[in-house]
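Taking it in order: structure first as structure tokens, then the write-up.
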Amino acid sequence: DSGVTQTPKHLITATGQRVTLRCSPRSGDLSVYWYQQSLDQGLQFLIQYYNGEERAKGNILERFSAQQFPDLHSELNLSSLELGDSALYFCASSAGYGEAGEQFFGPGTRLTVL
Amino acid sequence: AQSVTQPDIHITVSEGASLELRCNYSYGATPYLFWYVQSPGQGLQLLLKYFSGDTLVQGIKGFEAEFKRSQSSFNLRKPSVHWSDAAEYFCAVVTNAGKSTFGDGTTLTVKP
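Chains as they are written, first to last, in the working numbering: chain A, 1 to 114; chain B, 1001 to 1112.
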């Protein structure tokens, strides 16, 4: 158990819909990262937040957005969903701001878009 | 932009045999390099990391990796593989700006 929690574990929805994925980092961790893992794209870094502020951005679509709240939990919002958005979405957290820190991964949310 | 290549999609080794998983990266500056392992249905777990100092780094579960700047490689090794090592292994590079790039992964199968 990494200490990172993600809800829900599974999510099934239809094209065109909007969903919100939630992540609670390990106690004391200030950074939260979001990743998408799919068979055709592999593991893709989406975005990082540090203490409420966006810190680094990866291959995140404009239809996707994220935020980190004052209690440090984070939400990833996916809108206008397409079939290709079906994937496993991971959240990870780390203690600090830096690049050398270990990221602790949550168990993931499996999103299926029908 | 940085990139990570894991040339072997799938590797099969016998239990007790040695293992080497290859990772090549492309990045203009000194990289922060990581190896993660993912068991089926699980999140990723850090095996080891390199960002400075000794180029041979030791990790958990008996794994080690060697950073070779001249070859832009960070290969993962284990002298004797156990059946529980069967999993998918990811190499990753993190830039100074905090962007993470993962390789496509190598699936390890361990034969009894």
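Cβ atoms here follow ideal geometry from the backbone N, Cα and C, with glycine treated the same way.
No experiment lies behind these values; they were computed from the predicted model shown.
Quiz item: DSSP state of B:R1069, grouped into three classes?
Solution: On the second sequence, residue 1069 of chain B is found 69 positions in, with the first residue counted as 1. Of the three classes helix, strand and coil, the one that applies to B:R1069 here is helix, per DSSP.
With DSSP collapsed to three states, give me the class of A:K9.
-> For the purposes of this step, residue 9 of chain A is taken as the residue at position 9 of the first sequence. Reduced to three states, the DSSP call for A:K9 is coil.
Practice item. Measure the C-alpha to C-alpha separation of A:R110 and A:G42 and round it to an integer number of angstroms. Key: The residue you call residue 110 of chain A lines up with position 110 of the first sequence. The residue you call residue 42 of chain A lines up with position 42 of the first sequence. Distance between the alpha carbons of A:R110 and A:G42: 14 Å.
In three-state DSSP terms, what is B:L1033?
By 1-based counting over the second sequence, the position of residue 1033 of chain B is 33. In the three-state scheme derived from DSSP, where H, G and I count as helix and E and B as strand, B:L1033 is classed as strand.
Item to complete: Taking B:H1010 as part of the beta strand (DSSP E), name the residues at either end of that continuous run.
Response: For the purposes of this step, residue 1010 of chain B is identified with residue 10 of the second sequence, where counting begins at 1. That run of the beta strand (DSSP E) goes 1010 to 1014.
**Prompt:** DSSP on B:K1061, reduced to helix/strand/coil?
**Reply:** Within the second sequence, numbered from 1, the residue matching residue 1061 of chain B stands at position 61. DSSP places B:K1061 in helix when its eight states are reduced to three.
Coil, strand or helix - A:G84 by DSSP:
As a first step, residue 84 of chain A is located in the first sequence; it is residue number 84 there, counting from the start. The answer is helix: DSSP assigns A:G84 an H, G or I state.
For B:S1052, tell me which candidate among A:L114, A:G101, A:T112 has the shortest Cα-Cα distance.
The residue given as residue 1052 of chain B occupies position 52 in the second sequence. Comparing Cα-Cα distances from B:S1052 to each of A:L114, A:G101, A:T112, the minimum goes to A:G101.
TODO: Give me the Cβ distance between A:F69 and A:V4, rounded to the nearest whole Å; I'm assuming they're in contact under 8 Å.
DONE: Translated into positions along the first sequence, residue 69 of chain A becomes position 69. Translated into positions along the first sequence, residue 4 of chain A becomes position 4. About 15 Å separates the two Cβ atoms, so there is no contact after all.
Roughly how many angstroms separate the alpha carbons of A:G108 and A:L46, rounded to a whole number?
-> Here residue 108 of chain A is taken as the residue at index 108 of the first sequence, counted from 1. Here residue 46 of chain A is taken as the residue at index 46 of the first sequence, counted from 1. Straight-line Cα distance between these residues: approximately 14 Å.
*Say whether the stretch 1002 to 1009 of chain B touches the stretch 1079 to 1095 of chain B, bearing in mind that this needs 3 or more beta-carbon pairs closer than 8 Å, one atom from each stretch.*
yes
Are the C-beta atoms of B:G1098 and some chain A residue less than 8 Å apart? Taking the first residue of the second sequence as 1, we reach residue 1098 of chain B at position 98. Taking Cβ atoms only, chain A reaches closer than 8 Å to B:G1098, which makes this a yes.
Does the separation of the CB atoms of B:K1059 and B:W1083 fall below 8 Å?
Looking up residue 1059 of chain B in the second sequence gives position 59. Looking up residue 1083 of chain B in the second sequence gives position 83. In the sequence as displayed, the identity of residue 1059 of chain B is Gly instead of Lys. No, Cβ-Cβ distance for B:G1059 and B:W1083 is not below 8 Å.
Find out if the Cβ-Cβ distance for the pair A:R18, A:Q6 is shorter than 8 Å.
Within the first sequence, residue 18 of chain A is the residue found at index 18, counting from 1. Within the first sequence, residue 6 of chain A is the residue found at index 6, counting from 1. Going by C-beta atoms, A:R18 is not nearer than 8 Å to A:Q6.
Exercise. Identify, in the order they occur along the chain, each residue of the same chain with its Cβ nearer than 8 Å to the Cβ of B:E1064, setting aside the five sequence neighbours on each side.
Key: If you number the second sequence from 1, residue 1064 of chain B lands on position 64. Cβ neighbours of B:E1064 beyond the five flanking positions: L1048, L1056, V1057, Q1058, L1076, R1077, K1078.
Measuring only the C-alpha atoms, how far is B:L1019 from A:L78? Here residue 1019 of chain B is taken as the residue at index 19 of the second sequence, counted from 1. Here residue 78 of chain A is taken as the residue at index 78 of the first sequence, counted from 1. Cα to Cα, B:L1019 sits roughly 40 Å from A:L78.
Report task. Find the nearest neighbour of B:Q1042 within the set A:F90, A:T112, A:I60, A:S94, judged by alpha-carbon distance. Result -> By one-based count along the second sequence, residue 1042 of chain B stands at place 42. Answer by Cα proximity: A:F90.
- Query: Mind pulling the chain B residues with CB within less than 9 Å of A:G108?
  - Reply: Your numbering for residue 108 of chain A matches position 108 in the first sequence. Ordered by position in chain B, the residues that pass the 9 Å Cβ test against A:G108 are G1041, Q1042, G1043.
(Q) Beta-carbon within less than 6 Å of A:N59's beta-carbon, same chain only, minus the 5 sequence neighbours each way: which residues are those? (A) The count along the first sequence starts at 1 and reaches residue 59 of chain A at position 59. Contacts found: Q44.
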